[in-house]
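Written out below as C-alpha cells is the structure these notes cover.
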Amino acid sequence: MNKAYTEKYVELENVDMSFTTKKGTFNALDNINLKIKEGEFIAIIGHSGCGKSTVLNLIAGLLKPTEGLLLCAGREIAGPGPERAVVFQNHSLLPWLTCHENVYLAVERVFGGGSSNESKAQLNARTHSALDLVGLSHAADKRPNEISGGMKQRVGIARALAMEPKVLLLDEPFGALDALTRANLQDELMKIMAKSGCTAVMVTHDVDEAVLLADRVVMMTNGPSADIGEILKVELPRPRDRLALSENADYNHLRSEVLRFLYERHARKTA
Amino acid sequence: MTSIKAATAVINHSQTAIHTKKLNRWGLKIYHFLKWLLPPLFGLLMLLAVWTALSELSPNLPNPLKTWHAALVLFSDPFYDLGPNDKGVGWNILASLERVGLGFGLAAFVGVPLGFIIGRFEIIARMCAPIISLLRPVSPLAWLPIGLLVFKAADPAAIWVIFISAVWPMIINTAVGVSKVPQDYMNVAKVLNLSEWKIMTKILFPYVLPYMMTGVRLSIGVSWLVIVAAEMLTGGVGIGFWVWDEWNNLNVEHIIIAIFIVGIVGLLLEFALTQIAKRFSYE
Numbered sequence: 004m005n006k007a008y009t010e011k012y013v014e015l016e017n018v019d020m021s022f023t024t025k026k027g028t029f030n031a032l033d034n035i036n037l038k039i040k041e042g043e044f045i046a047i048i049g050h051s052g053c054g055k056s057t058v059l060n061l062i063a064g065l066l067k068p069t070e071g072l073l074l075c076a077g078r079e080i081a082g083p084g085p086e087r088a089v090v091f092q093n094h095s096l097l098p099w100l101t102c103h104e105n106v107y108l109a110v111e112r113v114f115g116g117g118s119s120n121e122s123k124a125q126l127n128a129r130t131h132s133a134l135d136l137v138g139l140s141h142a143a144d145k146r147p148n149e150i151s152g153g154m155k156q157r158v159g160i161a162r163a164l165a166m167e168p169k170v171l172l173l174d175e176p177f178g179a180l181d182a183l184t185r186a187n188l189q190d191e192l193m194k195i196m197a198k199s200g201c202t203a204v205m206v207t208h209d210v211d212e213a214v215l216l217a218d219r220v221v222m223m224t225n226g227p228s229a230d231i232g233e234i235l236k237v238e239l240p241r242p243r244d245r246l247a248l249s250e251n252a253d254y255n256h257l258r259s260e261v262l263r264f265l266y267e268r269h270a271r272k273t274a
Numbered sequence: 010m011t012s013i014k015a016a017t018a019v020i021n022h023s024q025t026a027i028h029t030k031k032l033n034r035w036g037l038k039i040y041h042f043l044k045w046l047l048p049p050l051f052g053l054l055m056l057l058a059v060w061t062a063l064s065e066l067s068p069n070l071p072n073p074l075k076t077w078h079a080a081l082v083l084f085s086d087p088f089y090d091l092g093p094n095d096k097g098v099g100w101n102i103l104a105s106l107e108r109v110g111l112g113f114g115l116a117a118f119v120g121v122p123l124g125f126i127i128g129r130f131e132i133i134a135r136m137c138a139p140i141i142s143l144l145r146p147v148s149p150l151a152w153l154p155i156g157l158l159v160f161k162a163a164d165p166a167a168i169w170v171i172f173i174s175a176v177w178p179m180i181i182n183t184a185v186g187v188s189k190v191p192q193d194y195m196n197v198a199k200v201l202n203l204s205e206w207k208i209m210t211k212i213l214f215p216y217v218l219p220y221m222m223t224g225v226r227l228s229i230g231v232s233w234l235v236i237v238a239a240e241m242l243t244g245g246v247g248i249g250f251w252v253w254d255e256w257n258n259l260n261v262e263h264i265i266i267a268i269f270i271v272g273i274v275g276l277l278l279e280f281a282l283t284q285i286a287k288r289f290s291y292e
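Here's what the structure looks like:
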C-alpha cells in the first residue's frame, strides 16, 4: 500500500449528485468533500432524505456522481466492486439460498477465481469462519425466512466481511431492529472492526450509534442540495463500553453536540 | 386412602375430559369436511338438474342417465383400434395430449429463454414489444392455414397452432418476472460483481420461477382449449376430431362425454402443474 493513501484512503472531491425525475432535476448533494483515513470508522448522520444513503451508494459505486470525483486507494471508483462491500439496510439476503450459500456466493466470487483461485474446501472454510465471526455457525443451513431479523443482518455483515473488503459500507444496518438486538449487534460490530481493522462508512440516524461506533461523525445538512455541515471527532478510547460511556462526560458532550446540530441548527422544517 | 381415591377420581375425570375432547375434535372435523364438500356437490347437482330439464325440453339432447350409460360402454373399451377413423376414445385423448405436449414443450423451450432475454435487456424488450402486441391478440386458429402451408401436413400444423398460442403467456410472464426482480437483489449482484451466468442461476431464475410457472399454467390451459378446435379442422386422431366425427354420426351422448373429458383432462393438467409449481417455490 502506498503510504500517501493512508491519510485519504477514500476521497470525495467536489461531488455533486442530481437525479432526473418526472418533475425535473432534483439536486440531492451539493459539493461534498470528504477524506477518510485507512482504518477509520465514519458515521454519516442526518435527517431522512438528506442524501446520506446517496453518499454511501456513490462510494459503493452503485451510483455515479453528476460532478466531481470519488477515489478509493488512489483509484477512481468506476463501479461496484467487492473491495467495497455493502451491508444493506434490509439485509438483502437471497431467500432461496441458505445462510451458508448466501455467504458462499460472495466468497466464491472474490476468492474462487482469478489470482487467488482457492479450492472448494478453502471457500467453505472462509464461509464457515465468516458465519462463526457473527456467531451464526448453528444457523448455516437455515434460510433467511427461518431466522430472526437480527440474525439476517448478521448474515449480511458476515457476507460483507467474508469478502475481506478494504472498505465496509453500512447503510443503516440496524435501523429495522429492536433496541436490544441493535445494541448487541453494535457491540459485536465494534469487536469485529477492531479485529479486522478495515475502513468503515456507516449511514445512520441514531445519534448514540454514531457516537458510540465512529471515529468521526459526519453531520449532513438537510436536502435538497445537502452538504456536510460539520464533522465531529470522537476521541474516545477504544474498546468502548456503552455502560461506562453513558456516564462519561466527553461522550455525553459529543452526543449533545450531534443532537444540537440535528435539532437546533438543522431541524427539519417539515417532519 | 381417601387421597388415593381422590387421585383416581381426578385421573378418571381427566380421561373422560380427554375423551369428550377427542369426540368434539372428530365432530369438528366432520363438520368442516361437510362444510367443504357440500357447496360444490350442490353446484354439481344443480348442473345435473338444469341438464335434465333442458333434455326434457329438447328431445335431441340426451339426459344425464343416458349419457352415463353411453359413457360406461365407451370406457369399457377405450383402446380399441379399427383403422385410422375408428379408434377408442383413449387413443384420441392420448393423441391430443401428445400434440399439446409437443407444441407446449416447444413453446416453453422458446418462450422461457426469450422471456428472460426480454426481461433482462431493455433494448430487446423494446424491440420485441410491437411484435408481441401485434401478434398476441390473433386467434390461434388464424395461424392454422400458415401452418398447413409451411408444413404441408395436418399434424405439424396442429402442433404449430398449439405452439403459437402457448408461447405468449410464457414469454410475457417470464419477462414480467425478470423485470420485477427487486433492485436490492440486483445491487447485491453488482456489489458482489457476479457474472451474468451467476446472476441468471442464483438470482433471476429462482426469483422468476413462480412467474414462469404462472405462464406455464396459463399456456397449458390455452393449449388444451385450442387443441379441440384445431383438431376439428385438421382431422386425424384426437379428441377434437372425435367430437366432430361423433357430430357427423349424430351421437350426441359422445359429444357431451367429450366435453367432460376435455374439462377433466384440463383440470388434471392444471392440477399437476400447480403441484409442480409448489414444489419449486422457495417460500
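Chains as they are written, first to last, in this note's numbering: chain Z, 4 to 274; chain G, 10 to 292. Note that beta-carbon positions come from the ideal geometry of N, C-alpha and C, so glycine has one too. Just so you know, these numbers come straight off a predicted model, no measurement behind them.
Is the beta carbon of residue i sitting closer than 7 Å to the one on residue j?
i	j	result
residue 69 (chain G)	residue 61 (chain G)	no
residue 269 (chain Z)	residue 207 (chain Z)	no
residue 215 (chain G)	residue 99 (chain Z)	yes
residue 158 (chain Z)	residue 201 (chain Z)	no
residue 47 (chain Z)	residue 219 (chain Z)	no
residue 258 (chain Z)	residue 210 (chain Z)	yes
residue 147 (chain G)	residue 236 (chain G)	no
residue 174 (chain G)	residue 149 (chain G)	yes
residue 69 (chain Z)	residue 19 (chain Z)	yes
residue 53 (chain Z)	residue 229 (chain Z)	yes
residue 172 (chain G)	residue 116 (chain G)	yes
residue 65 (chain Z)	residue 174 (chain Z)	no
residue 219 (chain G)	residue 290 (chain G)	yes
residue 106 (chain Z)	residue 176 (chain Z)	no
Give the DSSP bridge partners of residue i, in chain order.
i	result
residue 121 (chain G)	In DSSP, residue 121 (chain G) forms no bridge with anything.
residue 160 (chain G)	Bridge partners of residue 160 (chain G): none, in fact.
residue 202 (chain Z)	Z:170
residue 54 (chain Z)	According to DSSP, residue 54 (chain Z) bridges with nothing at all.
residue 82 (chain G)	DSSP lists no partner for residue 82 (chain G).
residue 21 (chain Z)	Z:30
residue 88 (chain Z)	Z:171
residue 263 (chain Z)	Paired residue(s): none; residue 263 (chain Z) is not in a bridge.
residue 90 (chain G)	G:96
residue 69 (chain Z)	Bridge partners of residue 69 (chain Z): none, in fact.
Leaving aside the five residues before and after residue i along the sequence, list all residues of the same chain whose C-beta is less than 6 Å from its C-beta, in chain order.
i	result
residue 109 (chain Z)	162, 165, 166
residue 4 (chain Z)	For residue 4 (chain Z), the predicted structure reports a pLDDT of 45, less than 50, and the residue's modelled location is therefore unreliable. The matter cannot be settled from this model.
residue 241 (chain G)	249, 253
residue 129 (chain G)	187
residue 263 (chain G)	255
residue 88 (chain Z)	163, 166, 168, 171
residue 123 (chain Z)	none
Among the candidates the options, whose CA atom is the shortest distance from the CA of residue i?
i	options	result
residue 141 (chain G)	G:104, G:177, G:152	G:177
residue 31 (chain Z)	Z:175, Z:221, Z:43, Z:55	Z:55
residue 78 (chain Z)	Z:236, Z:261, Z:258, Z:16	Z:16
residue 83 (chain G)	G:272, G:112, G:201, G:260	G:260
residue 225 (chain G)	G:286, G:65, G:197, G:55	G:286
residue 245 (chain Z)	Z:209, Z:260, Z:190	Z:190
residue 152 (chain G)	G:143, G:170, G:59, G:133	G:170
residue 193 (chain G)	Z:37, Z:93, Z:242	Z:93
residue 123 (chain G)	G:180, G:274, G:75, G:99	G:180
residue 104 (chain Z)	Z:203, Z:48, Z:126, Z:33	Z:126
residue 264 (chain Z)	Z:50, Z:197, Z:142, Z:122	Z:50
residue 198 (chain Z)	Z:180, Z:229, Z:241	Z:241
residue 97 (chain G)	G:49, G:284, G:218, G:247	G:247
residue 138 (chain Z)	Z:194, Z:121, Z:91	Z:194
residue 118 (chain G)	G:267, G:283, G:183	G:183
residue 112 (chain G)	G:92, G:156, G:127, G:80	G:156
Ignore the nearest five residues each way along the sequence and tell me which others in residue i's own chain have a CB closer than 8 Å to its CB.
i	result
residue 267 (chain Z)	none
residue 274 (chain Z)	With a pLDDT of 45 at residue 274 (chain Z), under the threshold of 50, the predicted position of this residue should be treated as unreliable, though the coordinate-derived value follows. Around residue 274 (chain Z): no qualifying Cβ.
residue 160 (chain G)	166, 169
Report all residues from its chain with a CB closer than 7 Å to the CB of residue i; omit the five preceding and five following residues, and keep chain order.
i	result
residue 29 (chain Z)	21, 22, 227
residue 64 (chain G)	70, 71, 72
residue 214 (chain Z)	220, 237, 254, 257, 258, 261
Query raised in the report: Would you call the stretch 69-88 of chain Z and the stretch 11-22 of chain Z in contact, with 3 or more CB pairs under 8 Å?
Result: yes
Report task. Examine the Cβ distances between the stretch 219-234 of chain Z and the stretch 244-251 of chain Z and report whether three or more of them are shorter than 8 Å. Result -> no
Query raised in the report: Quick check: the stretch 218-233 of chain G against the stretch 272-281 of chain G, are there 3 or more CB pairs under 8 Å?
Result: yes
Query raised in the report: Do the stretch 137-156 of chain Z and the stretch 178-192 of chain Z touch if we need at least three Cβ pairs shorter than 8 Å?
Result: Yes, since at least three Cβ pairs between the stretch 137-156 of chain Z and the stretch 178-192 of chain Z fall closer than 8 Å, the two stretches touch.
Requested in this report: Answer yes if the stretch 162-171 of chain G comes into contact with the stretch 191-206 of chain G, meaning at least three C-beta pairs across the two stretches below 8 Å, and no otherwise.
Outcome: With a cut-off of 8 Å, the stretch 162-171 of chain G and the stretch 191-206 of chain G do not count as touching, because too few Cβ pairs lie within range.
Query - Segment contact flag, the stretch 78-97 of chain Z with the stretch 122-142 of chain Z, C-beta cutoff 8 Å, min 3 pairs - result: no
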